[in-house]
Amino acid sequence: MDAFRVIIRGKFDALDENARAALASKTDVAFTEEGTFSYDVNATAFTFRCQVPAGPDDDERAAKDGATAALAEHGLPYRDLNYAVTDLRAIKIRRKKRQ
């Protein structure tokens with residue numbers, strides 16, 4: 007699969023009650039193109055997991071831009087973002103040989 011998996015860690019910026027209610031329906035730990043959240047008990051710090059399709063010439067910057075766009079689509083205020091990007095195209099799977 008040609009994709010990036012991106013983890014964004016950050017902080018929510020002043021969530022109101024409506025935003026907190028919307029967030030509850032977006033909580034998961036799966037990597038999806040829409041992205042999913044996990045967050046602390048006070049809903050201040052969060053982890054956002056997103057899978058971004060990768061074109062042949064795409065790099066880490068394209069992955070970060072795609073993940074940031076997916077995060078912004080949720081409409082929740084955020085700040086202080088840190089990124090971790092994994093290029094799935096670079097992962098080699100070593101299969102055990104049968105004997």
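Be aware that the sequence shown starts at 7, since it is given in the numbering used here, and climbs by one per residue.
The beta carbon of each residue, even a glycine, is placed where N, CA and C say it ideally should be.
The structure presented is a predicted model; accordingly, all values stated were derived computationally and were not measured.
Within 9 Å, strictly: CB atoms of Glu40 and Pro59: no
How should Val47 be labelled, buried or exposed, when 16 other C-beta atoms within 10 angstroms of its C-beta is the threshold for buried? exposed
Quick check on the DSSP output: what are the complete beta strand (DSSP E) runs of length 3 or more inside the segment 62–102, in order along the chain? 84–93
Spatially closest choice to Ala36 from Arg11, Ala28 and Lys17, by CA coordinates: Cα-wise, what sits closest to Ala36 is Arg11.
Ala51 - DSSP class collapsed to helix/strand/coil: strand
On the criterion of 16 or more Cβ atoms from any shown chain inside 10 Å, does Arg15 qualify as buried, or is it exposed? Answer is exposed; the Cβ neighbour count stays below 16.
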